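Enquirer: Numbering of the sequence shown is given in my numbering, commencing with residue 120 and proceeding in unit increments.
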Amino acid sequence: MRRIILLSSIALLVLPGCKVSKVRDIIKDYDYKNSYQLINASTEPVDIHIGSHDNSGRAPNISDGKYRVGSLEAGQDSVSTKVKRDNIDYRVSVQSFQRLDKIGSNHLIYDVKNDDDQTVIAWQDNKTPRISAFKKHSSDQSGVYRVRFFAVANGIEIKAGGISQLLEKGQPSGWFSLQNCKGEFSINGKALDICQATAGQSFLLVIGPDKVLSMSRG
120 MRRIILLSSI ALLVLPGCKV SKVRDIIKDY DYKNSYQLIN ASTEPVDIHI
170 GSHDNSGRAP NISDGKYRVG SLEAGQDSVS TKVKRDNIDY RVSVQSFQRL
220 DKIGSNHLIY DVKNDDDQTV IAWQDNKTPR ISAFKKHSSD QSGVYRVRFF
270 AVANGIEIKA GGISQLLEKG QPSGWFSLQN CKGEFSINGK ALDICQATAG
320 QSFLLVIGPD KVLSMSRG
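Here is the structure:
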């Protein structure tokens, strides 16, 4: 008789509606997500694709249209989007595709912490499509213009707030502080103004050898 009772108790543990089943449902429905700032600094309209790797580490077929998270025209303002995952794996794949001829950029695979905001920039190295991604963060300071730069070519020298720096293409710079929007910023000796910016806020400027290609909130 004791053996029958034990078997019956085990059967009750797997009946629908029990606590074990509910816990599994909660885990399955939990959302892991990241916010992405998408920037198109190229001369072509682009589609940006982002996909997470699965629990086994397998990468997504990133060219598949279901991974398209943004479609941006050349010169369009940046777009923000959230990308959700149904697993805790933090590895993602990122690639951009020119909309008209479907030419793809380099393919990024990197790890990102949950809820860390990211900036993704589609740009061109000469005419070759490229994609870069890095952690997005602001650096607001009251009364000043805070700017950092992303160069699309080597040999670009910026002067901001009395400090000069030679930029490395494809990498974000550190932060610079400007007291005024005019007269304190130049690219390769050419003075530029960023008076559309707002004092007290921070901005990311994507720049070429002689001009600003994109400006967005940092």
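Each residue gets a CB set at the ideal place from its N, CA and C atoms; glycine is no exception.
Everything numeric in this text was worked out from a predicted model, so none of it was measured.
(1) Can you pull the DSSP bridge partners for Ala270?
(2) Can you grab the Cα-Cα spacing for the pair Ser224 / Asn273, in whole Å?
(3) Lys323 and Gly302: beta carbons closer than 8 Å?
(4) Exposed or buried, Thr317, counting other C-beta atoms within 10 Å across all chains shown (16 or more means buried)?
(5) Determine the burial state of Asn159: buried for a count of at least 16 other Cβ atoms within 10 Å of its Cβ, exposed for fewer.
(6) Three-state secondary structure (DSSP) at Tyr229?
(7) Specify, as a first and last residue, the run of the beta strand (DSSP E) that Asp183 falls within.
(8) Tell me whether Glu287 sits in a helix, a strand or coil according to DSSP, three-state version.
(9) Residue range of the beta strand (DSSP E) that Asn245 falls in?
(10) So who's on the other strand from Asn159, going by DSSP bridges?
(11) Near Val202, which residues of its chain fall below 7 Å by C-beta distance, leaving aside the five closest residues on each side in sequence?
(12) So, helix, strand or coil for His168, using DSSP?
(13) Across which residues does DSSP place Ile313 in a beta bridge pair?
(14) Over the uninterrupted beta strand (DSSP E) stretch that includes Val331, give me the two end residues.
Expert: Quick look at the numbers:
(1) By 1-based counting over the sequence shown, the position of residue 270 is 151. Bridge partners of Ala270: Ile326.
(2) As a first step, residue 224 must be located in the sequence shown, where it is residue number 105. As a first step, residue 273 must be located in the sequence shown, where it is residue number 154. For Ser224 and Asn273, the distance between alpha carbons rounds to 19 Å.
(3) Here residue 323 refers to the residue found at position 204 when the sequence shown is read from its first residue. Here residue 302 refers to the residue found at position 183 when the sequence shown is read from its first residue. For clarity, residue 323 is Leu in the given sequence; the question names Lys instead. Result no, Cβ atoms of Leu323 and Gly302 do not sit closer than 8 Å.
(4) Looking up residue 317 in the sequence shown gives position 198. Exposed, because fewer than 16 other Cβ atoms sit within 10 Å of the Cβ of Thr317.
(5) Taking the first residue of the sequence shown as position 1, residue 159 is located at position 40. That one is buried.
(6) Counted from its first residue, the sequence shown places residue 229 at position 110. Three-state result, Tyr229: strand.
(7) For the purposes of this step, residue 183 is identified with residue 64 of the sequence shown, where counting begins at 1. Run containing Asp183: none; DSSP gives neither H nor E here.
(8) If you number the sequence shown from 1, residue 287 lands on position 168. If DSSP states are grouped into helix, strand and coil, Glu287 belongs with coil.
(9) Mapped onto the sequence shown, residue 245 falls at position 126. No beta strand (DSSP E) contains Asn245, which DSSP labels as neither H nor E.
(10) Here residue 159 is taken as the residue at index 40 of the sequence shown, counted from 1. Asn159 pairs with Ala241.
(11) Stepping through the sequence shown from its first residue, residue 202 is reached at position 83. Excluding positions up to five away in sequence, the list reads Lys152, Asn153, Tyr155, Ile169 and Val188.
(12) As a working mapping, residue 168 is identified with position 49 in the sequence shown. Note: His168 maps to strand in three-state DSSP.
(13) The residue you call residue 313 lines up with position 194 of the sequence shown. Looking at the DSSP assignment, Ile313 forms no beta bridge with any residue, so it has no partner.
(14) Working through the sequence shown from its first residue, we reach residue 331 at position 212. First-last of the beta strand (DSSP E) with Val331: Val331 to Arg336.
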